[in-house]
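In terms of this note's numbering, the sequence shown is numbered consecutively and its last residue is 266. Read the structure below first, then the notes.
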Amino acid sequence: EYFCMKYNQEPSLFAAKNTPPIKGGCKPQLYTMASLIRILLVAVTCMLSTANTLASNTITPTTTIRGKLRLPNDTPVNTTRVTLNNNEYTTYTQSDGSFAFYNVPPGVHLLDVQSLTHLFSHVKIQLLESAMTAGEGPKCIEYAYPGAPKQAIPHPLLLTAHAKYQYFEPRQGFSILSILKNPMLLMMLVSGVLMFMMPKMMENLDPEQKEQMQKQMEMQSDPQKMLSQLWGDIAGGAEGADTASKKAIKGTKNSRRTKRD
């Protein structure tokens with residue numbers, strides 16, 4: 006009654022149903038557990054919505070990374086692809102070799118130059134959120150290949166090509182040294198030297214050695230004689246071994262007889 010009389014309002018939505026009116030037709034304000042849960046859910050959703058709006062209002066700082074490609078002889082650079090973080094960000098160079106990456110967030114980024122003709126360095130770029138808000142530039146480290154010595158470079162980047170790719174081996178011209186390296190030619194030269202030196206070597210030999218050399222040369226000129234000589238040597242060696250073994254057996258027998266006597 007006091008609530009209805011003071012505020013002159015209708016019964017609340019959360020009032021119990023089928024309850025008889027009290028004086029003045031106002032129903033008692035009886036809040037159930039379900040109504041309290043509804044109120045809590047509404048409050049939680051309101052808090053979450055405000056948190057999301059606050060998070061969306063906080064803007065992450067971004068910056069622009071700029072650089073330029075250069076060749077050693079200052080020739081114009083063809084349009085070259087430049088990437089950040091393995092193709093996460095991609096751009097192409099302008100006619101003067103310059104390039105730029107816009108809206109780059111804080112973090113550590115790896116810059117690669119995808120050139121088909123020249124070798125450029127890799128650049129590791131560190132962007133700190135505190136430094137970005139303070140207006141400081143990025144920290145850049147350059148290295149020619151993974152594992153190579155690293156050095157700090159300023160921003161904007163100025164990358165000079167280290168070398169030019171050689172996809173084909175240059176064709177070699179005519180050279181006398183290449184002919185001398187041929188094994189067939191070397192064999193011919195050695196045989197010619199031996200033919201020239203053999204007569205002079207024969208002059209310094211003894212008569213018996215000369216006869217042996219002449220016999221060997223005759224045997225080499227006639228294959229049949231050479232085979233017969235080889236067979237005779239083999240047969241003679243076998244006969245000599247048999248005779249030696251027989252002599253050894255006879256010697257052992259004689260020794261035994263002398264012992265018995």
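Ideal Cβ positions, reconstructed from N, Cα and C, are used throughout, including at glycine. Remember, it's a predicted structure, so these values are computed and weren't measured experimentally.
Could you spell out the range, first to last residue, of the beta strand (DSSP E) harbouring residue i?
| i | result |
| --- | --- |
| residue 291 | Summary: the structure shown does not reach residue 291, with the chain confined to residues 6 through 266, and so no result is reported for it. |
| residue 157 | 156-158 |
| residue 210 | It is not in any beta strand (DSSP E) - residue 210 carries neither H nor E in the DSSP assignment. |
Could you tell me how far apart the beta carbons of residue i and residue j are, in whole angstroms, since I believe they sit closer than 8 Å?
| i | j | result |
| --- | --- | --- |
| residue 121 | residue 89 | Rounded, the Cβ-Cβ distance is 19 Å, inconsistent with contact. |
| residue 113 | residue 69 | In fact, because the Cβ distance is near 17 Å, the residues do not count as touching under 8 Å. |
| residue 77 | residue 166 | 6 Å |
| residue 126 | residue 149 | 5 Å |
| residue 128 | residue 162 | 6 Å |
| residue 164 | residue 53 | No, residue 164 and residue 53 are not in contact; Cβ-Cβ is about 48 Å, not under 8 Å. |
| residue 210 | residue 200 | About 17 Å; that fails the 8 Å criterion. |
| residue 184 | residue 190 | 6 Å |
Whose C-beta lies closer than 8 Å to the C-beta of residue i among residues of the same chain, with five residues either side of it excluded?
| i | result |
| --- | --- |
| residue 170 | 121, 122, 123, 124 |
| residue 232 | none |
| residue 7 | Reliability of the predicted coordinates at residue 7 is poor, the pLDDT of 42 falling under 50, and the value obtained from them is presented with this limitation in mind. Around residue 7: no qualifying Cβ. |
| residue 168 | 123, 124 |
| residue 203 | none |
Return the chain-ordered list of same chain residues with a C-beta closer than 7 Å to the C-beta of residue i, the five sequence neighbours on each side being excluded.
| i | result |
| --- | --- |
| residue 134 | 66, 111 |
| residue 139 | none |
| residue 137 | 66, 68, 111 |
| residue 151 | none |
| residue 3 | No information on residue 3 is available, as it lies outside the stretch 6 to 266 that the chain covers here. |
Residue range of the alpha helix (DSSP H) that residue i falls in?
| i | result |
| --- | --- |
| residue 136 | 134-138 |
To which residues of the same chain is residue i closer than 6 Å at the C-beta, ignoring the five residues directly before and after it?
| i | result |
| --- | --- |
| residue 95 | 88 |
| residue 104 | 72, 87, 96, 98 |
| residue 12 | Low confidence applies to residue 12: its pLDDT is 43, below 50, so where it sits in the model is not reliable, and the reading given next is rough at best. Excluding positions up to five away in sequence, the list is empty. |
| residue 173 | none |
| residue 155 | 146, 148 |
| residue 5 | Nothing can be reported for residue 5: it is not among the residues displayed for the chain, which extend from 6 to 266. |
| residue 177 | none |
| residue 107 | 69 |
| residue 188 | none |
| residue 131 | 113, 144 |
Quick one: does residue i have its CB under 9 Å from some CB of chain D?
| i | result |
| --- | --- |
| residue 102 | Checking the listed chains, one finds no chain D in this structure; it contains a single protein chain. |
Considering only heavy atoms of the ligand NAD, does any lie closer than 8 Å to the CB of residue i?
| i | result |
| --- | --- |
| residue 215 | The ligand NAD is not among the ligands present in this structure, which contains no ligands whatsoever. |
Checklist entry - Touch check for the segment 131-146 and the segment 83-100: three-plus C-beta pairs under 8 Å? => result By the Cβ criterion, the segment 131-146 is not in contact with the segment 83-100, since fewer than three pairs of Cβ atoms, one from each stretch, lie closer than 8 Å.
Checklist entry - Taking only runs of the alpha helix (DSSP H) that begin and end inside the segment 65-148, which ones reach a length of at least 4 residues, in chain order? => result 134-138
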